[in-house]
Structure formats: structure tokens, C-alpha cells
Amino acid sequence: KRSKTSEAGANLKSMFQGAAAYYEAENWGQGLTTAGATAAASTHCTVDDANQSGNPSDAKRTVNWQAEADAAAFTAVNFAPADPLYYDYNMDATPDASACGNGPSDTTVYTFLAVGDLDGDGTTSTFRLEAGTNPDNSLYRAPGINSIRPLE
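Read in order, the letters of the sequence shown correspond to residues 1037 to 1188 in the working numbering.
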């Protein structure tokens, strides 16, 4: 079972990397503002919360990421593993909606979660990677991944 848990860490790191790239990118909708008008910031953006549908089990399954209810958020952070997965993946952003213009030194910007049930007994394991912003307003991650009942 321990080798199966490596999936969670690799994918949580991938979610963080995608979120960090999105945070630094310009995310502007179509159109111009009136000359001289003030416009909302278009960088330092977060995405909406995203929760993968379904329930984790002891069998791997392939996910149709485009059919997910939160497909836009997963797409924004470039998260759509093609390989079959043991874990369900969730992304909790603070604030709870996509927003730009987030400031520096915020320790609660994202929580990335992987939830699994490797032995199929209904008791889940959770892997958590948290991210915040540093004084330079770049996204940074916790030095490690927190796990609760990792072999469940």
C-alpha cells in the first residue's frame, strides 16, 4: 500500500505548481477598460474551489476531467492526470472564489487535498499540502505534505 501513496504526493505537488504559475500569470478577460478608468488587478489570482466528483476506492479509475463540475478550476491550474488514480483531488482556495490582486504574506491561500481509501474499508486517508504567499507575493508551499491515516 505504501507505494500507492506516492501518487498523492506527486499530484499534490503538480496542483501546487499549476496554481503557482496561474498566480503569477496575467488573467484578464476580453475587452478594454475606458481610458483613465481604474481596472481590477489581473495578476496574483486564485481559482475557485475544486472538488473531484466520486468516491475514492481501492481500485484505480480514470477521470474525465472535462466532465467534472469544477473542470474550469482544474484546467486553470493545468491539473488533469491522464493515468488512472486511486485518490480524489480537491483544491480549497481562500477566498472561496477566484480573485485577483491577492496580497503578500498570506499564509492561507490554498489547501490541496488527496483523499483515498486504498483498502476499500470506507475509512479514508488524507494528504494535505498548504500554500500561502511570501513577502514578495509569490506563492510558496509548506515544506512537507501532511498525512492522516496514510495507509487507509
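Yeah, the Cβ is synthetic: ideal placement off N, Cα and C, and Gly gets one too. Just so you know, these numbers come straight off a predicted model, no measurement behind them.
- In the assembly as shown, Leu1187 is an exposed residue. Its beta-carbon has fewer than 16 other beta-carbons within 10 Å.
- If the five residues before and after Leu1048 are omitted, its C-beta is found closer than 7 angstroms to the C-beta atoms of Phe1148, Ala1150, Phe1163, Leu1165, Ile1181, all from its own chain and listed in chain order.
- If you draw a straight line from the Cα of Asp1124 to the Cα of Gly1158, it is about 14 angstroms long.
- Rounded to whole angstroms, the gap between the alpha carbons of Asn1138 and Tyr1122 is 33 angstroms.
- Beyond the five residues adjoining it in sequence on each side, Asp1128 comes within less than 6 angstroms, by CB distance, of Asp1085, Thr1147 in the same chain, given in chain order.
- Taking Gly1156 as reference, the option from Ala1056, Glu1043, Asp1094 with the minimal CA-CA separation is Asp1094.
- By the neighbour-count criterion, in which 16 or more other beta carbons inside 10 Å mark a residue as buried, Gln1088 falls on the buried side.
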